[in-house]
Amino acid sequence: MQQSHQSGAFSSLSGLAFMSEATYWTLDRAAEWHMRHISPKALPCHAAAFRSEIIDGKNAIDKRMLYMASVQNKEGKHICGGFLISEDLVVTAAHCDPHNPTSVVLGTHNLKKVDDKTMRYTVKRCKNPSYEKVSSGNDIMLLKLTKKARLSKRVQPIKLPKPNKKKVLKKCQVAGWGRTSTRGKTVDALHVVDVSLIDLDTCKKEWKSINVKLPDNIICAGGYNTSKGFCRGDSGGPLVCSGEVVGVVSFNMRENCDYPNVPNIYTDISKYLELIKDVRNKKTC
Numbered sequence: 021m022q023q024s025h026q027s028g029a030f031s032s033l034s035g036l037a038f039m040s041e042a043t044y045w046t047l048d049r050a051a052e053w054h055m056r057h058i059s060p061k062a063l064p065c066h067a068a069a070f071r072s073e074i075i076d077g078k079n080a081i082d083k084r085m086l087y088m089a090s091v092q093n094k095e096g097k098h099i100c101g102g103f104l105i106s107e108d109l110v111v112t113a114a115h116c117d118p119h120n121p122t123s124v125v126l127g128t129h130n131l132k133k134v135d136d137k138t139m140r141y142t143v144k145r146c147k148n149p150s151y152e153k154v155s156s157g158n159d160i161m162l163l164k165l166t167k168k169a170r171l172s173k174r175v176q177p178i179k180l181p182k183p184n185k186k187k188v189l190k191k192c193q194v195a196g197w198g199r200t201s202t203r204g205k206t207v208d209a210l211h212v213v214d215v216s217l218i219d220l221d222t223c224k225k226e227w228k229s230i231n232v233k234l235p236d237n238i239i240c241a242g243g244y245n246t247s248k249g250f251c252r253g254d255s256g257g258p259l260v261c262s263g264e265v266v267g268v269v270s271f272n273m274r275e276n277c278d279y280p281n282v283p284n285i286y287t288d289i290s291k292y293l294e295l296i297k298d299v300r301n302k303k304t305c
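For the sequence shown, my numbering begins at 21 and goes up steadily by one.
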């Protein structure tokens, strides 16, 4: 059985003395998850969790969020979230790459209602050469569809932000498929939750208090003494503010995702508009 170690949060960071025990998840070839417990010293620094999970959210309204994509492996199992930005390009997280995404599903909020002929698209991975590990930032990957998506009343791309646009602290949304609490059951219907943007200086200060230095190319929203945000899963999904995607779900820290004590971390997509432009102009990756 081939396994991938998963932390109780999106990405485990090594050398953190404040945790007495951590939860991690193993993923077998059938994409089934199994819970284990390990000490922080044994926690692999490359660990990342992929099952989508929205905390304290609700079912997404049908015929909205038409850009949402389920990133899947060759067995047709959901491994990460993603979002459509053009007819042939989906954005997800770079830390989703080790689980070999081969296709995306578009046009449905319910993963039990997938028509492979009209909803599934084979993809090629356009890896970000700057990505090393989640804690260093650059956690973004582009998936090039081998044929253009059929845009319709159920499938539409989302707008990208303008470069250097000032971020106003406001309410945004994050969405994904899966567990709705730290130890809850997975769900097949897309869930969404409102989250508030958090000032970057405040965010860095909170993470510094637990000995984690954050990079500059991130956005912070949700978590942070609230019960709203993401947890083990939802990697690669969009943070959406006023109809524009501003962030890509990257990582969190705590085992208890219901009441995290630090903000959730997203990749700031405005820092990667040139990368997206370059990939768009290529016929393949």
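Note that the Cβ used here is the ideal one computed from N, Cα and C, for glycine as well.
Supposed contact pair residue j and residue i - C-beta distance, whole angstroms, cut 8 Å
i	j	result
Phe103	Val269	Actually they are not in contact, since the Cβ atoms of Phe103 and Val269 sit about 10 Å apart, beyond 8 Å.
Lys94	Thr112	The Cβ separation is near 16 Å, so there is no contact.
Val91	Leu163	7 Å
Ile144	Glu107	Checking the displayed sequence, the identity of residue 144 turns out to be Lys instead of Ile. In fact, because the Cβ distance is near 15 Å, the residues do not count as touching under 8 Å.
Between the CA atoms of residue j and residue i - distance to the nearest angstrom
i	j	result
Gly196	Gly243	16 Å
Gly127	Val232	38 Å
Tyr87	Leu109	11 Å
Val124	Asn148	19 Å
Leu293	Lys190	22 Å
Gln176	Gln193	17 Å
Asn237	Asp298	19 Å
Tyr151	Ile178	24 Å
Gly256	Lys137	24 Å
Leu220	Arg170	38 Å
Arg140	Leu165	10 Å
Asp159	Lys173	30 Å
Val208	Pro258	A small correction: the amino acid at residue 208 is Asp; Val does not occupy that position in the sequence shown. Spanning the two alpha carbons is a distance of roughly 18 Å.
Val154	Lys132	31 Å
Leu295	Lys83	30 Å
Met273	Lys291	23 Å
Lys225	Leu217	15 Å
Thr287	Lys185	15 Å
His211	Thr142	24 Å
Asp117	Asn245	31 Å
Met55	His119	Here the model assigns Met55 a pLDDT of 40, short of 50, so the residue's position is not dependable, and the following value carries that caveat. If you take the alpha carbons of Met55 and His119, they lie about 18 Å apart.
Pro235	Cys146	22 Å
Pro181	His98	27 Å
Asp214	Ala241	10 Å
Pro183	Gly96	35 Å
Ala114	Phe271	11 Å
Thr222	Asn281	13 Å
Ile289	Gly263	14 Å
Trp53	Asp254	Residue placement at Trp53 is flagged as unreliable, the pLDDT there being 39, under the threshold of 50; the coordinate-derived value follows with that caveat. When rounded, the distance between both Cα atoms is 15 Å.
Pro89	His129	Residue identity differs from the one stated: residue 89 is Ala in this sequence, not Pro. Cα to Cα, the separation comes out at about 9 Å.
Cys261	Trp227	23 Å
Ile105	Ile239	19 Å
Lys303	Met85	27 Å
Cross-strand partners of residue i (DSSP beta bridge)
i	result
Gly196	His211
Asn272	DSSP lists no partner for Asn272.
His98	Gln92
Met161	Thr112
Pro258	Val268
Tyr286	Ile239, Val269
Ser155	In DSSP, Ser155 forms no bridge with anything.
Lys179	Glu264
Lys191	Ser216
Ser106	Leu109
Cβ-heavy atom distance, residue i to the ligand COA, below 7 Å
i	result
Ser150	Absence of the ligand COA from the depicted structure is noted, as is the absence of any ligand whatsoever, leaving it without description.
Where residue i falls, given that 16 or more other Cβ within 10 Å makes a residue buried
i	result
Ser229	exposed
Asn301	exposed
Ile285	buried
Val188	exposed
Pro283	buried
Gly157	buried
Cys100	buried
Asp135	exposed
Cys305	exposed
Gly267	buried
Ser40	Below a pLDDT of 50, predicted positions are generally treated as unreliable, and Ser40, at 31, falls in that range; the measurement from the model is reported next regardless. Exposed, because fewer than 16 other Cβ atoms sit within 10 Å of the Cβ of Ser40.
| Continuous beta strand (DSSP E) assignments of at least 3 residues falling wholly in the stretch 119-149 | 123-126, 140-146
| message | In chain order, what are the residue ranges of uninterrupted beta strand (DSSP E) at least 3 long that sit wholly in the stretch 214-250? | response | Qualifying beta strand (DSSP E) stretches, in chain order: 238-243.
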